[in-house]
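Asks:
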Amino acid sequence: MPMPRPRKEQELDIARRAVDETIGLLAERGDLDVPLTAVAHAIGCTAPALYGYFRNKSALLRAVRDEGFNRLYREKLAVFEQMRGDPFGYLRDGSYAYVRFALENPTLYRLMFTPPPRLGVSDDPWSSEAGSQLLNLLLTGLRCSQGKGFLPGIDLNRYSFMFWSTVHGAVSLTLQNRGMDPSAKWDTAREAVDTLMEIIAATCPDRPSAS
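For the sequence shown, counting from 1, position 99 maps to 99 in UniProt numbering; every step adds exactly one.
(1) Near D66, which residues of its chain fall below 6 angstroms by C-beta distance, leaving aside the five closest residues on each side in sequence?
(2) For R118 and D206, what's the separation of their Cα atoms in angstroms?
(3) Give the range of the alpha helix (DSSP H) segment to which K76 is assigned.
(4) Do the stretch 94-105 and the stretch 175-194 meet, that is, are 3 or more Cβ pairs less than 8 angstroms apart?
(5) Using a Cβ-based criterion (distance less than 8 angstroms to any ligand heavy atom), does Q146 qualify as near the ligand GDP?
(6) Is the stretch 42-60 touching the stretch 74-81, taking contact as three or more C-beta pairs under 8 angstroms?
(7) Thinking C-beta only, is M197 closer than 9 angstroms to R92?
(8) Measure the C-alpha to C-alpha separation of T203 and L151 and round it to an integer number of angstroms.
(9) Grab the span of the alpha helix (DSSP H) containing R118 for me, first residue to last.
(10) Would you call the stretch 50-63 and the stretch 105-123 touching, i.e. three or more CB-CB distances under 8 angstroms?
(11) For K57, which residues from the same chain have a beta carbon less than 7 angstroms from its beta carbon, with the 5 sequence-adjacent residues on both sides left out?
(12) Per DSSP, what kind of secondary structure is P35 in: helix, strand or coil?
(13) May I ask which residues mark the beginning and end of the alpha helix (DSSP H) holding P205?
(14) Measure the CB-CB distance between Y109 and L175 and report whether it falls below 9 angstroms.
(15) In the structure shown, what three-state DSSP assignment does F54 receive?
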């Protein structure tokens, strides 16, 4: 007798677990070369069965990349909600959250922002729905800050790229330095954020402390 087909909720659970387990394996291995057999073993199914949900490893990594953006968005959104009414504080603490996420998930972060060509995804991290949400959250923080007197007359669409690229660049450089200990990586990236906030604070006459 053939085995019954899994119910829709079971299918969704397998796909979700495959993504979650792959994120864990990326962290363990430190590279993107995660065999589908290892993912299948982690969730308790066979590799051929996994192909029913992901056509190949690239398809799985695309789903993992999207989930990475979703997780980062949720973390930054939580900070935004906590700091509602204080957009300057959100830009600072939201950037700290961004740095922590990258330093705690270095391989996932590289997949998100420097995906290998074989994945067939855009080099623009903001082209996906999840990436666009993340960028819009930054723009919202900048617009609200501008409404409080910061960055007067600044084109925020252009400034948002400068803001993100500074934080992203600091994170990427620290991740490349394998000889730097975790606390030093955090301090280095945090200092880049603090410098950005000092620049923004200087544009407002009644400026708060950036720290």
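Note that beta-carbon positions come from the ideal geometry of N, C-alpha and C, so glycine has one too.
Replies: In terms of the structure at hand:
(1) A130
(2) 50 angstroms
(3) 57-82
(4) yes
(5) You won't find the ligand GDP in this model; it holds no ligand whatsoever.
(6) no
(7) yes
(8) 6 angstroms
(9) Segment: none, R118 is in no alpha helix (DSSP H) and carries neither H nor E.
(10) yes
(11) L36
(12) coil
(13) From DSSP, P205 is part of no alpha helix (DSSP H); its letter is neither H nor E.
(14) yes
(15) coil
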